[in-house]
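Structure record follows, encoded as structure tokens.
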Amino acid sequence: MDGQNKDKLGEGIKMHHFICIDSFKGCIGSEDAARAVERGIRRADPDATIDWSPVADGGEGTIDTLLANGFEKNVDATIDLAGRPIDVAYAQKDRIAVVEVAMICGLHLKRPEDDAFSLHTRGVGRLVRQVLATDVSDVFLALGGTATTDGGLGFLAELGADLMTETGAPIAWQTNPLMETKRLRLPKTGMSLHVLADVTASYAGEQGAACVFGPQKGLTASDINLLDDRLTEIGRRLQIEHIKGAGAAGGLGGAAYALGASIESGASFILRMIHAKERIGRADYVWTGEGRVDRQTAMGKLPAKVMALADQADVPCIVLAGEVMERMEQAWICEAIHDSDEVKTLDPFVTKQRLARRAEQIVRRLNPK
């Protein structure tokens, strides 16, 4: 495999590279990472042909990735996690629409004065209802990065579910709807919903929405216990207590599942939408990576899925990362961008420089003069 490519290099045949590298979280986005790798390749091999795409794992960056790959941007009005008016962009292609939930109820939208306990997903449901009122047939919800833990009840209410007190009266929305809802009735569904989630958290319990993600959302231990008790009860009523991924986005995954949504890997969906399999098949080398490559990477994260596609196509895959804690078996080359004597950094400028440098070094090794 690598010998054939080296022969091509030696014969002066242009090498074709495909770059689909994930973001280095807290540092640089996927597009910046890909452009840095491209610069490094071109410095070592100016005649190379290069194809690249930003990528995402179905969470943050999903819309930008799709807009760079043939989807159109639409904007509609809804409310955020605290009920404030907000205009939100979503991606559409033909009759498929993709909503990035964090744009409506993401952690970055939580203000200091907001009560973490009471934040909700009503804005997500409202936007989905409005999108489905157009000619869209299928709505994909890209989950991840949310500040809400309402079990998706706000989402359900906006799509026609009745949330009721013990007496059958509508809830008052004075606190988290999980605390107020004692009875609920789902709408008759004709909606085609799909959940994009790479977490396997359950709706409730030790591996559930509140216990796993509550601390990072600002919930106290007391908050988490209260919400988990209600998630347990609501999960039983919705018959979603054993569904993997139901706890994604504070239980929004489970709420959507209760309306008939499928739950699938966000990374797999993105790679399908950007036609990664076909583009990898045309390449001589594939480049991927993320900020930290470790055991979790191998458990279905985007770089692992890229490696698997490259392996199926018999194309060498090069993995770059800020840190390599565990080498990936399917990677042909797997290297950290920082030299052993350099301080690791999250500085965006330095990271891009070192990505380009490492890519250049690797291509020069592949094509020694």
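Position in the sequence shown counted from 1, then plus 357, gives you our numbering. The beta-carbon is built from N, C-alpha and C at its ideal position, and this holds for glycine as well.
Out of curiosity, what's the CA-to-CA distance linking H374 and Y642?
-> 5 Å
Whose CA, out of I627, E457 and S410, lies closest to the CA of A606?
-> E457
By DSSP, does L438 sit in helix, in strand, or in coil?
-> coil
Express the C-alpha separation of L543 and D444 in angstroms, rounding to a whole number.
-> L543 has its alpha-carbon roughly 27 Å from the corresponding atom of D444.
Extent of the continuous alpha helix (DSSP H) run through V672 | Counting along the chain, V672 falls outside any alpha helix (DSSP H), and DSSP gives it neither H nor E.
For D389, the first and last residue of its enclosing alpha helix (DSSP H) = S387 to A401
At 4 residues or longer, and completely inside the stretch 503–583: list those alpha helix (DSSP H) runs for me, N to C.
-> 510–515, 534–537 and 566–570
Residues of its chain near L628, where Cβ-Cβ distance is below 8 Å and the 5 sequence neighbours each way are ignored | Hits under 8 Å: C377, V412, K634, L659, K662, V663 and L666.
Could you name the residues of the same chain whose beta carbon sits closer than 6 Å to that of A716, not counting the 5 residues immediately before and after it, in chain order?
-> V394, G397 and I398
State yes or no: is the C-beta of G502 within less than 8 Å of the C-beta of G608?
-> Their beta carbons are not under 8 Å apart, which means G502 does not touch G608 by this criterion.
Quick one, which of V455, R540 and L464 has its alpha-carbon nearest L576's?
-> L464
Backbone CA spacing between H603 and A618 [nearest angstrom] | Rather than His, the amino acid found at residue 603 in this sequence is Ala. Distance between the alpha carbons of A603 and A618: 11 Å.
In whole angstroms, what separates the C-alpha of L553 from that of S622?
-> 6 Å
Other residues of its chain near D651: CB distance less than 7 Å, five sequence neighbours each side excluded | M682 and E683
K634 by DSSP, collapsed to three states: which one?
-> helix
Reduced DSSP secondary structure (H/G/I, E/B, other) of A343 = Nothing about residue 343 can be read from this structure; the chain reaches only from 358 to 726.
Top-ranked residue by Cα proximity to R593, from L616, L584 and A561 | A561
Identify every run of the beta strand (DSSP E) within the stretch 687–714, keeping only runs that are complete inside it and at least 3 residues long; order them along the chain.
-> 690–693
DSSP state of Q449, grouped into three classes?
-> strand
Contact between the stretch 530–547 and the stretch 464–475: three or more CB pairs below 8 Å?
-> yes
Report the rounded CA-to-CA distance for T505 versus T645, giving the unit in angstroms.
-> 31 Å
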